[in-house]
Amino acid sequence: MPSRRRFIAASAAAGALAAAGAWSLLAAAEEPVIRVVARRFVYRPSVLRLKRGVPVVLEFTSADVVMGFNAPDFNVRTDIIPGQVSRLRFTPDKLGRFTFLCDVFCGDGHEGMTGEIHVAA
Amino acid sequence: MAGSIDRRQFLRLAGLGGAVFASGLARAADPYGTGTGAVQQDEFYFVQLSDTHWGFEGPAVNPDARGTLPKAIAAVNALEVQPDFIVFTGDLTHTTDDPAERRRRLGEFHDIARGLKNPNVRFMPGEHDAALDHGAAWSEFFGPTHYVFDHKGVHFIVVDNVSDPAARIGAEQLAWLEADLARQARDARIVVFTHRPLFPLYPQWDWATRDGDRALALLMPYRNVTVFYGHIHQEHHYKTAHIEHHSAKSLIFPLPAPGSLPKRVPIKWDPAHPYRGLGYREVEAQPRPPAFAVTEFPVRG
């Protein structure tokens, strides 16, 4: 019966979508989230310990003024706006220690507002 | 300027050493595209001073913070043949959160710069001057933060990549640049003054302009382009395709070579070699042979 076949097909598709959605949620839930607070002229934490090939979500907030987060070696950056949470997802693809910095001039001390990403195997 | 310039005489008169090189900036036969044939181009030179950071205090890196700029100005005033003009490529003052203090520093700097024998002085802001108020205070003293002028057959373009604290030139200024360049012949002699490097010299130390690639793309069709900038507190020379980029020394403290140390911290003052790493620059525009010759000078106590 055509109408029943359509119903079954629709149900199967919905089931597949639900399964895919659940998988995505599961994967997202498994990704480590690191919360970073930017405050003139420091990041807390200032060292981000990551694993190569493992996606990570960085969540930034600002305790005072507009800041930036820039990790040039991974070609990722975001603005950090007071009152908002800035999320940045990326997957480190190389081992070592890499500088990140504030790339939005924020005052006397801006030049020293840096941190490090440590990527291990 | 009477007669031709003897660069060696400048070196002797100043009593200072320095590297000299030619930029290879070729002469334009018709820099404005007038189609009227060769345009008269005189030999001339200008002086570049940069990153004076008036208001900075840090005895460990410069115990003569209030004396270094006046010494440099005295050295320029002592040149037997005065430059056609003097340009300050940004960070005239050291940043402060206090708008009144910012204006006080800018005012003091303005007064000191008036001590230059040659009144033909060009200014542009650095991020320390302009980023915290988008250039508002700086413009009260010095006018527009980006502009153009012409001098003896050379077209000078001042690009502001600091009034936006995110180090962007911005779409509006890029459109202005594009419109200005459209009026130039492809072989025009073009000099760009800016504060930050237009190319990504070392982004890990914020030595870049976020949309500098767009400015360079606009400049790329022009065959004779040279960029003079500051920001990195040291002499540095680089080429992106045919475009030359020359950074100037600071007049407050030197910074390490790009990436040579974990952090970009000022180099400490060496009592055995006071003012080492500080200085100013002469840039000589020569129609024949076609080139700019650049000379670096330290500051002497």
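So the sequences go chain by chain: A and B. With the first letter of the first sequence counted as 1, position 50 gets the number 50 in the working numbering; the numbers rise by one all the way through. In the working numbering, each residue carries its 1-based index in the second sequence increased by 1000. Every residue, glycine too, gets a C-beta built ideally from N, C-alpha and C. Source: prediction; values computed, not measured.
Cα-Cα separation, residue i to residue j
{"i": "Ser-1247 (chain B)", "j": "His-1233 (chain B)", "result": "8 Å"}
{"i": "His-1128 (chain B)", "j": "Glu-30 (chain A)", "result": "43 Å"}
{"i": "Arg-1066 (chain B)", "j": "Ala-1257 (chain B)", "result": "25 Å"}
{"i": "Pro-124 (chain A)", "j": "Val-1162 (chain B)", "result": "The structure shown has nothing for residue 124 (chain A), since chain A only spans 1 to 121."}
{"i": "Leu-101 (chain A)", "j": "Val-42 (chain A)", "result": "10 Å"}
{"i": "Thr-114 (chain A)", "j": "Ala-38 (chain A)", "result": "10 Å"}
{"i": "Val-54 (chain A)", "j": "Val-1158 (chain B)", "result": "45 Å"}
{"i": "Tyr-1147 (chain B)", "j": "Val-1087 (chain B)", "result": "13 Å"}
{"i": "Asp-1270 (chain B)", "j": "Gly-107 (chain A)", "result": "27 Å"}
{"i": "Leu-1278 (chain B)", "j": "Lys-1249 (chain B)", "result": "6 Å"}
{"i": "Ala-1167 (chain B)", "j": "Pro-92 (chain A)", "result": "26 Å"}
{"i": "Gly-1055 (chain B)", "j": "Asp-1042 (chain B)", "result": "38 Å"}
{"i": "Pro-1083 (chain B)", "j": "Phe-1292 (chain B)", "result": "14 Å"}
{"i": "Ala-1285 (chain B)", "j": "Asp-1164 (chain B)", "result": "32 Å"}
{"i": "Asp-1187 (chain B)", "j": "Val-1225 (chain B)", "result": "9 Å"}
{"i": "Leu-95 (chain A)", "j": "Leu-88 (chain A)", "result": "19 Å"}
{"i": "Asp-1111 (chain B)", "j": "Ile-117 (chain A)", "result": "45 Å"}
{"i": "Leu-48 (chain A)", "j": "Val-119 (chain A)", "result": "8 Å"}
{"i": "Arg-52 (chain A)", "j": "Arg-1105 (chain B)", "result": "48 Å"}
{"i": "Ala-1136 (chain B)", "j": "Ala-1175 (chain B)", "result": "21 Å"}
Residue i vs residue j beta-carbon contact at 7 Å
{"i": "Ile-34 (chain A)", "j": "Leu-58 (chain A)", "result": "yes"}
{"i": "Phe-1228 (chain B)", "j": "Phe-1193 (chain B)", "result": "yes"}
{"i": "His-1155 (chain B)", "j": "Gln-1184 (chain B)", "result": "yes"}
{"i": "Asp-1051 (chain B)", "j": "Gly-1230 (chain B)", "result": "yes"}
{"i": "Leu-1181 (chain B)", "j": "Leu-1218 (chain B)", "result": "yes"}
{"i": "Val-1283 (chain B)", "j": "Phe-1044 (chain B)", "result": "no"}
Any non-hydrogen atom of the ligand FMN closer than 6 Å to residue i Cβ
{"i": "Ala-1113 (chain B)", "result": "Among the components modelled here there is no ligand, and therefore nothing to report on the ligand FMN."}
Outcome for residue i when other beta-carbon atoms lying within 10 angstroms are tallied against a minimum of 16
{"i": "Gln-84 (chain A)", "result": "exposed"}
{"i": "Glu-1140 (chain B)", "result": "exposed"}
{"i": "Leu-1329 (chain B)", "result": "Residue 1329 (chain B) is absent from the structure shown; chain B starts at 1001 and stops at 1301."}
{"i": "Gly-1015 (chain B)", "result": "At Gly-1015 (chain B) the pLDDT is 27, less than 50, meaning the model places this residue with poor confidence; the figure from the coordinates comes in the next sentence. With fewer than 16 other Cβ atoms within 10 Å, it is exposed."}
{"i": "Val-1299 (chain B)", "result": "buried"}
{"i": "Met-1220 (chain B)", "result": "exposed"}
{"i": "Ala-71 (chain A)", "result": "buried"}
{"i": "Val-1076 (chain B)", "result": "buried"}
{"i": "Leu-1261 (chain B)", "result": "exposed"}
{"i": "Phe-1149 (chain B)", "result": "exposed"}
Beta bridge counterpart(s) of residue i as assigned by DSSP
{"i": "Gly-115 (chain A)", "result": "A:Phe-100"}
{"i": "Ala-1284 (chain B)", "result": "Reading off the sequence, residue 1284 (chain B) comes out as Glu, not Ala. DSSP lists B:Tyr-1045, B:Ala-1293 as partners of Glu-1284 (chain B)."}
{"i": "Leu-88 (chain A)", "result": "A:Leu-58"}
{"i": "Trp-1269 (chain B)", "result": "According to DSSP, Trp-1269 (chain B) bridges with nothing at all."}
{"i": "Asn-1224 (chain B)", "result": "B:Arg-1189"}
{"i": "Arg-1122 (chain B)", "result": "B:Val-1087"}
{"i": "Arg-77 (chain A)", "result": "A:Asn-70"}
Chain A contacts from the stretch 1167-1180 of chain B (Cβ-Cβ distance under 8 Å): Ala-1167
Short-range partners of chain A found in the stretch 1126-1152 of chain B, where Cβ spacing is below 7 Å: Glu-1127, Ala-1131, Leu-1132
Contacting positions in the stretch 1194-1205 of chain B - beta carbon closer than 9 Å to chain A: Pro-1200, Tyr-1202, Pro-1203, Gln-1204, Trp-1205
Proximal residues, the stretch 1091-1113 of chain B versus chain A, C-beta separation under 8 Å: His-1094, Thr-1095, Thr-1096, Asp-1097
Contact set between the stretch 58-74 of chain A and chain B, restricted to residues whose Cβ is under 8 Å from the partner: Val-66, Gly-68, Asn-70, Pro-72, Asp-73
Contacting positions in the stretch 1259-1287 of chain B - beta carbon closer than 7 Å to chain A: Lys-1263, Arg-1264
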